[in-house]
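Notes to accompany the following structure.
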Amino acid sequence: MQKNHNGLKAAQTVLALSILAALPYAHAQDASAPSADNVKKLGTVIVTGTRADNRTESSSLTPIDVVSADVLKQTGTNELSTALARIIPSLTFPRPSAADTADSQRPAQLRGLSPDQVLVLVDGKRWHPGAILLTNGVLGRGSQAVDLNTIPIGAIDHIEVLRDGASAQYGSDAIAGVINVVLKKGAQGGEVDVTGGQYSAGDGRQWQGSANVGIPLADKGWIRFTLQDGNQDYTNRAEPNRTRPWEGTTQRYGDPAVKDHNLFLNAQYDITPGVQFYAFGHYSDRDTTSPAFFRNLANSNSVPSIYPNGYLPLEHAASTDRSLVFGLRGKTEGGWRWDVSGNYGGNRVSYATENSVNRAFLHDFGYSPTEFHDGILNASQQAFDVDIAKELSTSWLPNPVTLAFGAEYLRQTYKIEPGDLTSWYTGTSGVAGGAQGFGGFQPSDSGSYSRHDVAEYLSLETNLTDRFGTSLSVRHEDYSDFGSTTSGALAGRFDFTDRFALRGSASTGFRAPSLAQQHYSYTSSLYYGEGNSLHLPAGIYNTGNVPVNSAIGQLLGAQPLKPEKSHNYTLGAVWNPIDALNLSLDIYQITIDNRITLSSNLATTSPTVQAYLAAHGIANTNYSGIAYFTNAVDTRTQGIDLVGSYLSDFGDAGSLQSTLSYNYNKNKVIGIKPNPAILDQLGVNLKRIDRRDQYGLLADTTPRSKLIIDEIYHLGRWSLDGTLTRYGSFVSYNSTTASLDQTFGAKWILDLAINYSLDRWTFTLGGDNVLNTYPDRVIPANDNSGTMPYSVFSPFGFNGAYVYGKVAYRW
Numbered sequence: 000m001q002k003n004h005n006g007l008k009a010a011q012t013v014l015a016l017s018i019l020a021a022l023p024y025a026h027a028q029d030a031s032a033p034s035a036d037n038v039k040k041l042g043t044v045i046v047t048g049t050r051a052d053n054r055t056e057s058s059s060l061t062p063i064d065v066v067s068a069d070v071l072k073q074t075g076t077n078e079l080s081t082a083l084a085r086i087i088p089s090l091t092f093p094r095p096s097a098a099d100t101a102d103s104q105r106p107a108q109l110r111g112l113s114p115d116q117v118l119v120l121v122d123g124k125r126w127h128p129g130a131i132l133l134t135n136g137v138l139g140r141g142s143q144a145v146d147l148n149t150i151p152i153g154a155i156d157h158i159e160v161l162r163d164g165a166s167a168q169y170g171s172d173a174i175a176g177v178i179n180v181v182l183k184k185g186a187q188g189g190e191v192d193v194t195g196g197q198y199s200a201g202d203g204r205q206w207q208g209s210a211n212v213g214i215p216l217a218d219k220g221w222i223r224f225t226l227q228d229g230n231q232d233y234t235n236r237a238e239p240n241r242t243r244p245w246e247g248t249t250q251r252y253g254d255p256a257v258k259d260h261n262l263f264l265n266a267q268y269d270i271t272p273g274v275q276f277y278a279f280g281h282y283s284d285r286d287t288t289s290p291a292f293f294r295n296l297a298n299s300n301s302v303p304s305i306y307p308n309g310y311l312p313l314e315h316a317a318s319t320d321r322s323l324v325f326g327l328r329g330k331t332e333g334g335w336r337w338d339v340s341g342n343y344g345g346n347r348v349s350y351a352t353e354n355s356v357n358r359a360f361l362h363d364f365g366y367s368p369t370e371f372h373d374g375i376l377n378a379s380q381q382a383f384d385v386d387i388a389k390e391l392s393t394s395w396l397p398n399p400v401t402l403a404f405g406a407e408y409l410r411q412t413y414k415i416e417p418g419d420l421t422s423w424y425t426g427t428s429g430v431a432g433g434a435q436g437f438g439g440f441q442p443s444d445s446g447s448y449s450r451h452d453v454a455e456y457l458s459l460e461t462n463l464t465d466r467f468g469t470s471l472s473v474r475h476e477d478y479s480d481f482g483s484t485t486s487g488a489l490a491g492r493f494d495f496t497d498r499f500a501l502r503g504s505a506s507t508g509f510r511a512p513s514l515a516q517q518h519y520s521y522t523s524s525l526y527y528g529e530g531n532s533l534h535l536p537a538g539i540y541n542t543g544n545v546p547v548n549s550a551i552g553q554l555l556g557a558q559p560l561k562p563e564k565s566h567n568y569t570l571g572a573v574w575n576p577i578d579a580l581n582l583s584l585d586i587y588q589i590t591i592d593n594r595i596t597l598s599s600n601l602a603t604t605s606p607t608v609q610a611y612l613a614a615h616g617i618a619n620t621n622y623s624g625i626a627y628f629t630n631a632v633d634t635r636t637q638g639i640d641l642v643g644s645y646l647s648d649f650g651d652a653g654s655l656q657s658t659l660s661y662n663y664n665k666n667k668v669i670g671i672k673p674n675p676a677i678l679d680q681l682g683v684n685l686k687r688i689d690r691r692d693q694y695g696l697l698a699d700t701t702p703r704s705k706l707i708i709d710e711i712y713h714l715g716r717w718s719l720d721g722t723l724t725r726y727g728s729f730v731s732y733n734s735t736t737a738s739l740d741q742t743f744g745a746k747w748i749l750d751l752a753i754n755y756s757l758d759r760w761t762f763t764l765g766g767d768n769v770l771n772t773y774p775d776r777v778i779p780a781n782d783n784s785g786t787m788p789y790s791v792f793s794p795f796g797f798n799g800a801y802v803y804g805k806v807a808y809r810w
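Structure representation (structure tokens):
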């Protein structure tokens, strides 16, 4: 697809009209005709970042966005992560492709930081991470992130996004902020939705059905069921290989094929007037099929006897996700609020490869399967929490003090199960082993690991005067694998008038190295372009991800991982100059020491390295390089968030709900630990962190700026929603060669939808990226001989326009 200059002019025109029409942004909109009260639900009591029971969004001490379920559905997407990325400018949702099933559990990033540096809660309880560890050259490389898309949108009442460090309140992972998913509650009401659509290119057809209904439990409780089922065909934006154009388009490059089934339950029962039992949980299956790289007849891994025209290995990831949270909560006659809960969550991913071959097995035994079971990853966590809080009145303070304290026991596990022999067999002939595309986990990769953590916290929150609110939090953690750490936070807000306030916060935080980062072991087959860190010609090579305690890892400089430590600072202003207009502006800085990242791929092919490894008992590595996790860098993040909203009421002519939000975010590596001495001794080309990570994946490969303008016009039964998003430019860095870097220009994306309501029915016809905008094309040196024309780092993907329809029935 070529650049659409007419589309860009049209987008710029819409932008100008939008800015003239109104100012800033409301996250908590309602799908019905708006009023001044529901443009931004300023009176909504928030539960994230505070232990008080009366803190509202309008009086929050720290920046927080409240996103209603209606706003999520107005985005037109079926994915929760994609919906949030279209609403909150500081949140991005990369769409990697051809990266060993990284597209089956795509990560969400907040403020351009690692996906595992944002904590995800569901109804205030820690949600579990996925089992997949991102190890390829994609955004979020090295992270084991929470899969937000396991939570069906139909089960959600609203989402609270805390844009501030919160380790002192919630523990590990909350360096960038917190996403708290608040579930629908009660027996009343329900909804059934059916949606379907496809891309303008004619592929990617998808549909989804969702139902949410509540049932009373006598007069003492309720249970809500959410059932979601969907299917998505793959998309393909690959083009013919320019060196072999007669083969046609043989590569697949785009979104994976997905089948998804999800059941979510939420229940509550009053045991006594002061004690409630509650429980929620889910079970979901998601099967994805992703492409590897096409092996043509000129490729060294071609097998003409089985595939006379070449072959495209396909990688399957069968993900099973499950969770169960249950507990008791209540309030004593003395005013103490208490909550005791148990929490289990886990993710299991079973890998398989088809349309493939194991060349080493074929060489040694004369035959090879074409389908392989590659192994299983399993991650789980169990938690036990006790939370206690009370508002205490003192004679020397004008307002009550919220005292909160509690403790948590957290146990985490990670397990790698090997694949079938044929999936990983390598032999000794020197012929490439393992299933082509995705070789299986070897018995030497397998293992089962666990750890536990005991944490205690204390927080105080009050209004020292009627205009000055403040909070203080401290949390101590003791992990069985690396020791203890303590985090603290201080926040304050001063309301100069009823319409203007300043707020600020300072906190320390941490993130514990995950079990996967400490123990993950795998050999992967990847395409390396020109100027790669292996210093080999462009091609497909095996590289090994090895644990930090492995023999080869330690020989090449690996060290035990330490926790990341952060310092967060935020200063902001909140302004409500007139009833219809609300504005907030926050500036922030986050510094992270000992940041955990995956090292560059350290080449093991040179005679010097080979001799060194052989002298220490490692003679056959079966790969061209290795990578391990390391606390190699310190980073600094600086940025600005602008949030606001404006409502225009035209009387009988309808109403216009205008929104604008903006984020500018700059990430920079400010320190790199010295190279291990052994790497310098073995060769100047061995660097623990290469320039792709230093300048790109940890910095400028995420756009520095993002602007969202949304207009919703209501008139009677009709509503029209238009959203214009500007993604700033970003840079793709080569591992070794600056001349192969590429800057991708800023792009405007326009989404439109029209809705018609009739009694309890709502009919929607919409289009995402209606101007069919694509990112800039990749330069020839980086496009895999022309087969992959677009960058995997594009913040909005590269699928083009998507048209959809939706029917909803609510009661």
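Note that numbering that gives the first Met the number 0 has the sequence shown beginning at 0, numbered continuously upward.
Built from N, CA and C at the ideal position, the CB exists for glycine as well.
| Item | Value |
| --- | --- |
| Quick one: grab the DSSP three-state call for T149. | helix |
| What do you reckon, are the CB atoms on T55 and V44 nearer than 8 Å? | yes |
| Please identify the residue among N265, R347, G695, S304 whose C-alpha is closest to the C-alpha of D284. | R347 |
| What does DSSP give as the partner residue(s) for F279 in the beta ladder? | N265, V324 |
| Is the segment 719-739 close to the segment 788-805, with three or more CB pairs under 8 Å? | yes |
| Taking the straight line between their C-alpha atoms, what separation do you get for G426 and A359? | 6 Å |
| Suppose the cutoff is 7 Å on Cβ atoms and the five residues either side in sequence are ignored; what does the same chain contact list for P114 look like? | P106, A107, Q108, G139, S142, A144 |
| Can the beta-carbon of S464 be found less than 8 Å from the beta-carbon of S486? | Note that residue 464 is Thr in the sequence shown here, rather than Ser. No; because the gap between Cβ atoms is not below 8 Å, this pair is not in contact. |
| Pick from F224, D633, G345, A488: whose alpha carbon is nearest that of A378? | G345 |
| What do you reckon, are the CB atoms on Y773 and F797 nearer than 8 Å? | yes |
| Within its chain, find whatever has a CB closer than 7 Å to the CB of A130; leave out the 5 residues flanking it on each side and keep chain order. | N346, R347, V348, L376, N377, A378 |
| Is there contact between the segment 412-429 and the segment 386-393, where contact requires at least three CB pairs shorter than 8 Å? | no |
| Starting from the Cα of K561, find the closest Cα among Q588, Y478, E314, A614 and give me that residue. | Y478 |
| Taking buried to mean at least 16 other C-beta atoms within 10 Å of its own C-beta, is A173 buried or exposed? | buried |
| Along the chain, where does the beta strand (DSSP E) that runs through D699 open and close? | Counting along the chain, D699 falls outside any beta strand (DSSP E), and DSSP gives it neither H nor E. |
| Between the segment 63-80 and the segment 147-165, are three or more C-beta pairs nearer than 8 Å? | yes |
| Using the Cα positions of L112 and G213, report the straight-line distance between them to the nearest angstrom. | 38 Å |
| Tell me whether V791 sits in a helix, a strand or coil according to DSSP, three-state version. | coil |
| To the nearest whole angstrom, what separates the beta carbons of L812 and N265, a pair I think is in contact under 8 Å? | This structure does not reach residue 812, given that the chain is present from 0 up to 810, and the question cannot be answered. |
| Whole angstroms is fine: what's the gap from G765's alpha carbon to S718's? | 12 Å |
| If you follow the beta strand (DSSP E) that A359 is part of, which residue opens it and which one closes it? | Per DSSP, A359 belongs to no beta strand (DSSP E); it is in the alpha helix (DSSP H), 358-364. |
| I'd like to know whether the C-beta atoms of G503 and T469 end up nearer to each other than 8 Å. | no |
| Can you tell me the Cα-Cα spacing of A193 and Y808, whole angstroms? | This sequence places Val at residue 193; Ala is not what is there. V193 and Y808: Cα-Cα distance of roughly 9 Å. |
| Excluding five sequence neighbours on each side, which residues of the same chain lie with their C-beta closer than 7 Å to the C-beta of S31? | Confidence in S31 is poor, its pLDDT being 38 and thus under 50, which makes the residue's placement unreliable; the coordinate value appears in the next sentence. Cβ within range, chain order: n/a, list empty. |
| Assuming S598 and Y627 form a contact by the criterion Cβ under 8 Å, report the distance between their Cβ atoms to the nearest whole angstrom. | 5 Å |
| What residues are listed by DSSP as bridge partners for W574? | F499, L582 |
| If you draw a straight line from the alpha carbon of Y374 to that of Q435, how long is it in whole angstroms? | Position check: residue 374 holds Gly in this sequence, whereas Tyr was assumed. Whole-angstrom Cα-Cα distance: 15 Å. |
| Alpha helix (DSSP H) containing A610: first to last residue? | 606-614 |
| Let me know the secondary structure DSSP gives S738 once reduced to three states. | helix |
| Please list, in chain order, all residues of the same chain as I591 whose beta carbon is under 6 Å from its beta carbon, the five residues on each side excluded. | E563, S565, T634 |
| DSSP three-state label for L555, please. | coil |
| Leaving out five residues on either side along the sequence, give the residues of the same chain with a beta carbon under 8 Å from the beta carbon of T700. | L138, F729, V730, S731, Y732, F792 |
| Can you grab the Cα-Cα spacing for the pair E460 / T401, in whole Å? | 5 Å |
| Ends of the alpha helix (DSSP H) at Q517? | 514-518 |
| Helix, strand or coil for W126, going by three-state DSSP, please let me know. | coil |
| By Cβ distance below 6 Å, which residues in the same chain neighbour T287 in space, the five residues on each side in sequence not counted? | S103, P255, V257, A316 |
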